[in-house]
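For reference, each letter of the sequence shown is one residue, going 30 to 304 in the working numbering.
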Amino acid sequence: MMNMNEFQDVVLTGLGAITALGDFTLHGEKPSAAKISASSESGTIENFALENYLASQKTYLDRCSALALAGCALALKDAQIEAAADAARFGIILGTHFGCIETMKGFWDKAIEKGVRLANPLLFSHSYFNSPISLCAIEFGLKGYHATFCANENSGAEAVRAAFDAIRLGHADAMVCGGVDAVTPTRALCAPGERAGEASVFFVLENKNMPWIAVPKPLPPSANPGSIASNSPKKCRTFRRLWRCRQHPGACPLHTRLHITLNFSWPFFNIAFTK
């Protein structure tokens with residue numbers, strides 16, 4: 030049985046969040062609440078286009094899958110990862126409550142109308158809860174630890190928790206993890222009256238002992254916080270604890286040198302950064 034001394038240290042090296050508030054990254058600008066427009070108060074991401082995040086062309090994609098690909102691409106770019114150093118040790122875990130429910134309904138509507146034998150196989154392959162994570166794994170060459178969580182508002186939080194544990198216990202060297210859900214007409218049918226929100230939020234977690242990681246040393250109180258890790262090969266934040274906030278079901282505080290709260294509650298995903 031593994032003891033505490035054998036646990037691996039985990040660092041946060043990247044963040045990609047696409048929300049109604051705008052895009053967030055760990056090392057870039059973070060839009061303020063003042064940027065919320067009247068159109069975004071519904072939680073819908075206006076003018077989203079996958080080609081703004083991904084160069085490769087796609088044929089058919091459910092909106093949930095498109096958001097997942099964009100969020101994953103943004104997180105990996107923020108972590109300065111162009112290709113996995115060891116694909117077999119680089120995994121991905123995704124949490125989603127509704128998944129590709131719009132495509133699922135589209136497939137079954139045609140199956141009922143024309144019969145199962147004439148149903149569209151393309152729609153079928155894009156209708157699963159794990160379709161978004163599979164597309165991300167293929168797109169970015171991630172062949173390691175792999176799982177999808179569906180746990181209502183806690184889906185994304187559980188995905189991040191599992192990814193943290195995967196590295197902590199030595200099952201992976203790096204993980205992309207987070208949550209995604211999209212606002213669609215079918216989702217409105219499933220939850221009438223809900224103030225639905227959509228977002229794609231991904232973290233990049235890595236083993237601190239990887240040769241390309243340089244964890245910044247604590248600076249004296251008089252130092253400029255902005256200079257932390259400025260000379261490091263890769264900027265990162267050290268994880269200390271990971272737990273769910275009881276006051277906010279669905280929230281996942283990742284307590285690091287930078288406190289990050291990922292709230293998966295309605296009306297839309299919210300990410301709060303505090304020193």
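We treat Cβ as the ideally placed atom computed from N, Cα and C, and that holds for glycine.
Cβ neighbour criterion (16 or more within 10 Å) applied to residue i
i	result
residue 45	buried
residue 43	buried
residue 146	exposed
residue 142	exposed
residue 219	exposed
residue 85	exposed
residue 279	In this prediction, residue 279 scores a pLDDT of 33, lower than 50, which makes its location untrustworthy; the coordinate-derived value is nonetheless stated afterwards. Buried, by the Cβ-count rule.
residue 144	exposed
residue 110	buried
residue 36	exposed
residue 80	exposed
residue 213	buried
residue 167	exposed
residue 115	exposed
residue 217	exposed
residue 49	buried
residue 210	buried
residue 195	buried
residue 174	buried
residue 256	Low confidence applies to residue 256: its pLDDT is 28, below 50, so where it sits in the model is not reliable, and the reading given next is rough at best. When all chains shown are included, residue 256 counts as exposed.
Contact check, residue i vs residue j, beta carbons under 8 Å
i	j	result
residue 172	residue 117	yes
residue 162	residue 99	no
residue 164	residue 94	yes
residue 18	residue 178	No answer is possible for residue 18: it lies beyond the span of the chain, which begins at 30 and ends at 304.
residue 82	residue 103	yes
residue 73	residue 130	no
residue 188	residue 207	yes
residue 125	residue 158	yes
residue 204	residue 122	yes
residue 160	residue 91	yes
residue 96	residue 227	yes
residue 51	residue 107	no
residue 190	residue 39	no
Cβ separation of residue i and residue j, assumed to be a contact under 8 Å, to the nearest whole Å
i	j	result
residue 192	residue 234	6 Å
residue 176	residue 119	About 14 Å; that fails the 8 Å criterion.
residue 185	residue 230	6 Å
residue 149	residue 139	6 Å
Residue range of the unbroken alpha helix (DSSP H) whose run includes residue i
i	result
residue 176	From DSSP, residue 176 is part of no alpha helix (DSSP H) but of the beta strand (DSSP E) over 175-178.
residue 36	Looking at the DSSP string, residue 36 is not in any alpha helix (DSSP H), and its letter there is neither H nor E.
residue 100	92-107
residue 133	130-143
residue 198	Neither: residue 198 is in no alpha helix (DSSP H) and is coded neither H nor E.
residue 182	First-last for residue 182: undefined, no H or E at that position.
residue 215	214-219
residue 163	160-169
C-beta neighbour in chain D for residue i, strict 8 Å
i	result
residue 91	Going by chain labels, chain D is absent from the structure shown, which holds only one protein chain.
Delimiting residues of the beta strand (DSSP E) encompassing residue i
i	result
residue 121	119-124
residue 53	51-54
residue 235	228-236
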